[in-house]
Every structure is written in C-alpha cells, then in structure tokens.
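In my numbering, the protein residues as written are 26 to 553. Idealized CB from N, CA, C, for every residue including glycine. A quick write-up on the structure given underneath.
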Ligand SMILES: Cc1cc2nc3c(=O)[nH]c(=O)nc-3n(C[C@H](O)[C@H](O)[C@H](O)COP(=O)(O)OP(=O)(O)OC[C@H]3O[C@@H](n4cnc5c(N)ncnc54)[C@H](O)[C@@H]3O)c2cc1C
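Here is the structure:
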C-alpha cells in the first residue's frame, strides 16, 4: 500500500504558537479566526487548496432556527427524529441553541447570505426539516461564499500564520500523564484517563514525493484537528479526493477514541453517468423547492422526496436493485435555475440541461457521522487535542445527519473548542528525542483504488456480515476499523443497513461503538 513519504532530513523548523489548527475548511478557518480574535497566535496547517475542501463544495447551507415560527426545540426535534435514537441530546441542544448566533457572527465577518425581497434572510427547506431553516449564499454556492470570505480574513490576520500546502504527519504527545478528563466541566464521553498530553504536531510539504523536503514541528497549547471527513474512502462519493479520514488516523495513533465509524451517510442524489461529473451532488434544497424523483423506465414517483436522507437513499437503492437500472431520475424542470446557478451550470457544462431533461442520480458516500470522540467543548480523550467539524464525533447527528446540520456544527463547536483550548497550559519545547520519534513515525496510508472499491461493495448502502468480514483483511487501517464497527452493530439503524440484521435493535438505542488503541476491539458507550 502506498503511503505518504517520510521526511528523511534532520533539518526541522520549530514554530511555537497558542493554537495549531489542522485543516482550512469551514471548521478550521472559523476556529483560527475565533482564536485570533481572542488575541491568540495561530498556526493554520492546510494540505489542500481551498477549492478541494468539502466546505467549499457545500451547496445547501447551514441550519439555524431563525424563522419567526421556528424554535431551537423544533430544530432539536427534527435532528433527533432523523438521528434514529442515537442523537446525543446534550450536543444537539447546543447546536440548535447556538447556531443562530453563529449565523449572526458570520454576517459580522462579512459573509452575505441570501435575503428575500424584504431584506430578511431567505430560508431554504431540506429533507427531514419540518420548517424552512437553511441559510444559504449565492443560491447553492454557500460553501464557496463562506470559505472564500473566511480564508480572506485568515490570510489578512497578522496573528494567523498559514502553512499552506503542508500536511500534518503525526501528533506530538507526551507519554501518559495520568490526567483524567473526568474532572473537566463537561466529561468527555469515554475519556481516556492517563492519555499523554498533545503538545503539537509534525508537518511537512503535502506535495513532496521524496520525503526530503524538510519538516516543521509546531508546538502549541492545543491542537485543533479540523481535517474533514472520510467519505472519499468509498469509491462512489460526493467528497473531494482528500476526504479520506487522515485526521482519524492521526488521532487514533495519539491514543484518542474514535466512534460510530460504521455510520456513513449516503446522499440520495449524486449524479451518475454524467461525463466529468460522477458523484456531483445535486443539493437537497432543490427537492425542497419541489423537484421530484422518478423511476426512469416507468416515470413513477416512488418515495417521499423530503424524507430524511437514509429513507430516500434506501428507497432509491431498493428501486435500483429491483429494476437493475443504474440511476433514477431527478426532475427539476419546474425549478427556477436562477436559484441554483452553480448546479445548473455544472450539469450544463457536462452536456445535460436540467431545465429540459431528468438528471440521472443514485446514492453516493457523503458524510461521516462518526469520528474523533469529543465532549461538549470539542475536547478529545487526549488532553490538548481537540476535534471540530466532520472529523469529530459529537454524537449530535446520531445515525443519520439532518441536512445542513454539519456546517452549523463546524461553527458552533469550533467556537467552543477555541474558548476551551485557550486555557490549556503554555506550549513546550520538544526534546531532541521527541523530534526524532516524530520523524520516525510511520507514514499515513493513502487508500488504493482496491480499498475504495471494497468499501463501496462491502460497506455501501446495503451491508452483510460476510462482506464486512472480508473488509477486515483490507490493507487500509481505517477500512478495517470501519468494518469492525459495522460488524459489531448487528442491526439496521439510520445510514447503517445490515441485510442480515434488518431491524433496529432497541438494546443499541443511544449506544455508540467506540474503538481505541491497537487491538481495535469495539466497546459500547452511552454518552451524557
Ligand atoms: C458536495 C457537498 C455538499 C455539501 N453540502 C452541505 C450543506 O449544504 N450543508 C451542510 O451543512 N453540509 C454540507 N456538506 C457537508 C459539509 O460540507 C462538511 O461536513 C463540512 O464542510 C466539513 O468541514 P470541515 O471543515 O470539517 O472539513 P473540510 O471542509 O473537508 O476541510 C478539511 C481540511 O483539512 C485539511 N486536511 C486534511 N488532512 C490534513 C492533514 N493531514 N494536514 C493538513 N491539513 C489536512 C484539508 O486540506 C482541508 O483544508 C456537503 C458536503 C459535500 C461534499
């Protein structure tokens, strides 16, 4: 299996800062700006260009209870209903309460959301929401607009040093210190008593193929992982190629707990068979405006289009199995193309005019509900290590994320992470031996096409114990961990559909599958 090459040089630069943020998507940028506004020094490490973050690709928007007839309680109820008895209520309550303030903060940072003719925020509707509550920008160009604005601010901020084109290769942790996060104000679910403190990280050029390009050790009070999700580990995906869960492996190697890796959301409407646009996501907001789904041979509508995503994906997948077709048709001919300009333009560029013909769509791997287990301040089980955005598992999405809750989560929990991280102990200076150990840490694996094909086949929309057992032999460590969690969850719940265990098991309500340490065994936890 190829791996990212190791730096062989002993020339290592040392940078000292307050907060080291890894990843420059919505979560990382917002965390960096928040810390800088609090007067902290920030190093922001980003492996890929802006346009290759999932945040940049986000279309629909962010969910916040802002309408006059909406409330955090209604937003919470929708989130819990979609999450199928696995939503961690304490985290979801924070999200629904704090999302409106984040929208206001983004506006104060210069993000211009779409407004109606009265100048009020225009709110979209997406699957699983009982009311219009999706704040958007540029129609379906929300991610692009938000990320561009935040990155311009970060680039101009003298307190933020951006290591662009740099990839975090390993986390620098002290040997176990005996600290017990159980004494923290909001206990980390399943904290690892005694885990060694995270002091910083090693990064290197993301483009260097020789391993001789030099390396940097960043020493910080806290490291905030914001490396995004893992959906690009699956062959058919809506995500940019870099979303392969590298942050999960960094955290796992540092001793952090990971959870709910089996819970991967499949987006129902990703383009299929459209040249150059394989996996291109057609936002759910278009269904919110009235687009419908049809069997391409009979023209029949076969699903409630605005049901939560797990239901719609499952209905499409069943229809495809029954008919042997590769796609169903999304009819958006009645939709005003001016409301979704980038979707219409992208499809037209690929030779398909969605104002005149149906768009062939099928489910694709989209969003990782699982990740690095964090508490309500985004603290992982390793002291000094935080995780925000899609790399984290706050538990708030349960077994099926409610549409547009993820961007909101990026902002709400990035803010909480920074507020907590600023009171971590001052940065330390690494000893020569520690630098040596970091430099000799094993390379992070890249997923080969065979792994990606295996995940799609064996851990796709429909799973069996037999297929998942096959995955246990995959060379990619995250592929194996996903298989372990998926095998352990002997039931069907939300995005996780086991054909051999088709029912939900009430005994697993509110129970999260947690992995930690080298033996890769799965334990079950219930979180406050
Ligand atoms: C097509 C699409 C549409 C979506 N639409 C919506 C939507 O409308 N609403 C919504 O709420 N959610 C949406 N989502 C989901 C949402 O966009 C993501 O969950 C969210 O943007 C994740 O943000 P993030 O900051 O956690 O990660 P990302 O935006 O993926 O950023 C990850 C960052 O980490 C960096 N990185 C990774 N590994 C390393 C490393 N080792 N070292 C250094 N840097 C590293 C990357 O370079 C990148 O900068 C959509 C997702 C996709 C793919």
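Worksheet entry | Neighbourhood of residue 83 by C-beta distance below 7 Å, restricted to the same chain and skipping five residues each side | Taking the first residue of the chain shown as position 1, residue 83 is located at position 58. Result list for residue 83: 167, 168, 432, in chain order.
Item to complete: Determine the extent of the beta strand (DSSP E) in which residue 172 is found, giving its start and end residues.
Response: One-based indexing of the chain shown puts residue 172 at position 147. Per DSSP, residue 172 belongs to no beta strand (DSSP E); it is in the alpha helix (DSSP H), 167-181.
Fill in: Contained alpha helix (DSSP H) runs [length at least 4] in the region 75-151, N- to C-terminal order
With a minimum length of 4 residues, the continuous alpha helix (DSSP H) runs that stay inside the region 75-151 are 79-82, 97-107, 114-133.
Worksheet item: Does the beta carbon of residue 517 fall short of 7 Å from some heavy atom of ligand 1?
Response: Along the chain shown, read from residue 1 onward, the residue named residue 517 stands at position 492. The nearest non-hydrogen atom of ligand 1 is 7 Å or more from the C-beta of residue 517.
Practice prompt. With distances taken Cα to Cα, identify the nearest neighbour of residue 249 among 522, 255, 475, 273.
Written response: Position 224 of the chain shown, counting from 1, holds the residue named residue 249. With distances taken between Cα atoms, residue 249 lies closest to 273.
Worksheet item: So residue 262 packs on residue 390, CB below 8 Å; how close in whole Å?
Response: Residue numbering aside, residue 262 sits at position 237 when the chain shown is read from its first letter. Residue numbering aside, residue 390 sits at position 365 when the chain shown is read from its first letter. With a Cβ gap of about 4 Å, residue 262 and residue 390 count as contacting.
Worksheet entry | Whole-angstrom C-beta distance between residue 423 and residue 112, which should lie under 8 Å | Indexing the chain shown from 1 puts residue 112 at position 87. Indexing the chain shown from 1 puts residue 423 at position 398. Indeed they touch by this definition, with Cβ atoms about 4 Å apart.
Worksheet item: Exposed or buried, residue 291, counting other C-beta atoms within 10 Å across all chains shown (16 or more means buried)?
Response: By 1-based counting over the chain shown, the position of residue 291 is 266. That one is buried.
Worksheet item: At which residue ranges does the region 379-439 contain complete beta strand (DSSP E) runs of 3 or more residues, listed in the order of the chain?
Response: The region 379-439 contains these whole beta strand (DSSP E) runs: 384-393, 396-398, 410-412.
Item to complete: Using only alpha-carbon positions, find the residue among 79, 78, 55, 198 that is nearest to residue 128.
Response: Counting from 1 along the chain shown, the entry for residue 128 is found at position 103. Residue nearest to residue 128 within the set 79, 78, 55, 198 is 55 (criterion: CA-CA distance).
Practice prompt. Specify the secondary structure class of residue 212 as computed by DSSP and reduced to three states.
Written response: Taking the chain shown and counting its residues from 1, one reaches residue 212 at position 187. With a pLDDT of 45 at residue 212, under the threshold of 50, the modelled position of this residue cannot be trusted; read the value that follows with caution. Residue state for residue 212 is assigned as coil, using DSSP reduced to three classes.
Fill in: C-alpha distance - residue 325 paired with residue 319, whole-angstrom precision
Along the chain shown, one-based indexing puts residue 325 at 300. Along the chain shown, one-based indexing puts residue 319 at 294. Near 5 Å, if we compare the C-alpha coordinates of residue 319 and residue 325.
Worksheet item: Can you list, in chain order, the residues of its chain whose CB lies under 6 Å from that of residue 495, leaving out five sequence neighbours each side?
Response: Here the question's residue 495 lines up with position 470 in the chain shown. Closer than 6 Å at Cβ, skipping near neighbours: 483.
Fill in: Proximal residues to residue 347 (C-beta, below 7 Å), its chain only, five neighbours per side dropped
Taking the chain shown and counting its residues from 1, the one referred to as residue 347 is at position 322. No residues qualify anywhere along the chain.
Discussion item. Once DSSP output is grouped into helix, strand and coil, what is the label at residue 348?
Written reply: On the chain shown, position 323 is the one that residue 348 refers to. Annotated three-state conformation of residue 348 is helix, per DSSP.
Worksheet item: With a CB to CB cut of under 6 Å and the five nearest residues on each side skipped, what residues in its chain are close to residue 446?
Response: By one-based count along the chain shown, residue 446 stands at place 421. Cβ within range, chain order: 44, 247, 411.
Worksheet item: Distance, Cα to Cα, residue 512 vs residue 145?
Response: Along the chain shown, one-based indexing puts residue 512 at 487. Along the chain shown, one-based indexing puts residue 145 at 120. Spanning the two alpha carbons is a distance of roughly 48 Å.
Discussion item. Can you tell me whether residue 80 sits near ligand 1, meaning its C-beta is under 7 Å from at least one heavy atom of the ligand?
Written reply: For the purposes of this step, residue 80 is taken as the residue at position 55 of the chain shown. At least one heavy atom of ligand 1 sits closer than 7 Å to the Cβ of residue 80.
Item to complete: Could you tell me which uninterrupted beta strand (DSSP E) segments, each at least 3 residues in length, are contained entirely in the region 452-506, listed from first to last along the chain?
Response: Here no run is fully enclosed.
Fill in: DSSP three-state assignment for residue 364, whether helix, strand or coil
Taking the first residue of the chain shown as 1, we reach residue 364 at position 339. Residue 364 carries a helical assignment under DSSP once its states are collapsed to helix, strand and coil.
Fill in: Sequence-distant residues of the same chain with beta carbon closer than 6 Å to residue 110, five excluded per side
Here the question's residue 110 lines up with position 85 in the chain shown. The beta carbon of residue 110 lies closer than 6 Å to those of 534 in the same chain, with the five residues before and after it left out.
Item to complete: Apply the 10 Å Cβ neighbour rule to residue 448 and answer buried if 16 or more other Cβ atoms are within range, or exposed otherwise.
Response: In the chain shown, counting from the first residue as 1, residue 448 sits at position 423. Looking at its Cβ environment, which holds fewer than 16 other Cβ atoms inside 10 Å, residue 448 is exposed.
Practice prompt. With hydrogens ignored, establish whether the beta-carbon of residue 192 is closer than 7 Å to any heavy atom of ligand 1.
Written response: Taking the chain shown and counting its residues from 1, the one referred to as residue 192 is at position 167. Residue 192: yes, Cβ under 7 Å from ligand 1.
Worksheet item: Hey, quick one: how far does the beta strand (DSSP E) through residue 52 stretch, first residue to last?
Response: The count along the chain shown starts at 1 and reaches residue 52 at position 27. Premise fails: residue 52 lies in the alpha helix (DSSP H), 51-62, not in any beta strand (DSSP E).
Worksheet item: Do residue 525 and residue 425 come within 8 Å of each other at the CB atom, strictly closer than that value?
Response: In the chain shown, counting from the first residue as 1, residue 425 sits at position 400. In the chain shown, counting from the first residue as 1, residue 525 sits at position 500. 8 Å or more divides the Cβ of residue 425 from the Cβ of residue 525.
Discussion item. Restricting to Cα atoms, I'd like to know which of 328, 480, 517 is closest to residue 500.
Written reply: By 1-based counting over the chain shown, the position of residue 500 is 475. Answer by Cα proximity: 480.
Worksheet entry | Cβ pair residue 226, residue 413 closer than 8 Å | As a working note, residue 226 is residue 201 in the chain shown. As a working note, residue 413 is residue 388 in the chain shown. In this structure, residue 413 does not lie closer than 8 Å to residue 226 by Cβ.
Item to complete: Evaluate contact between the region 150-160 and the region 101-109, counting only Cβ atoms and requiring at least three cross-stretch pairs below 8 Å.
Response: Counting C-beta pairs closer than 8 Å gives three or more between the region 150-160 and the region 101-109, which meets the contact rule.
Discussion item. For a test of the three-state rule: what should DSSP assign to residue 525, helix, strand or coil?
Written reply: Here the question's residue 525 lines up with position 500 in the chain shown. Coil.
Worksheet item: Are there 16 or more other CB atoms within 10 angstroms of the CB of residue 408, so buried, or fewer, so exposed?
Response: The count along the chain shown starts at 1 and reaches residue 408 at position 383. With 16 or more other Cβ atoms inside 10 Å of its own Cβ, residue 408 counts as buried.
Discussion item. Within the continuous beta strand (DSSP E) that includes residue 312, where are the two ends?
Written reply: Taking the chain shown and counting its residues from 1, one reaches residue 312 at position 287. Note, residue 312: premise wrong, no beta strand (DSSP E); alpha helix (DSSP H) at 309-313.
Item to complete: Using three-state DSSP, classify residue 513 as helix, strand or coil.
Response: Here residue 513 corresponds to residue number 488 of the chain shown, with the count starting at 1. It is helical.
Item to complete: Report yes if the C-beta distance between residue 443 and residue 419 is below 8 Å; otherwise report no.
Response: Mapped onto the chain shown, residue 443 falls at position 418. Mapped onto the chain shown, residue 419 falls at position 394. Their beta carbons are not under 8 Å apart, which means residue 443 does not touch residue 419 by this criterion.
Practice prompt. Verify the contact flag: residue 427, CB atom, against every heavy atom of ligand 1, threshold strictly below 7 Å.
Written response: Start at 1 with the first residue of the chain shown, and residue 427 comes out as number 402. Exclusion of residue 427 from the 7 Å shell around ligand 1 follows from its C-beta lying no nearer than that to any non-hydrogen atom of the ligand.
Item to complete: Whole angstroms is fine: what's the gap from residue 206's alpha carbon to residue 404's?
Response: Position 181 of the chain shown, counting from 1, holds the residue named residue 206. Position 379 of the chain shown, counting from 1, holds the residue named residue 404. With a pLDDT of only 43 at residue 206, under the threshold of 50, the placement of this residue in the model should not be trusted; the figure read from the coordinates follows. Answer to the nearest angstrom: the Cα atoms are 9 Å apart.
Item to complete: Return yes when at least one heavy atom of ligand 1 lies under 7 Å from the C-beta of residue 230, else no.
Response: The residue you call residue 230 lines up with position 205 of the chain shown. Result no, Cβ not under 7 Å from ligand 1.
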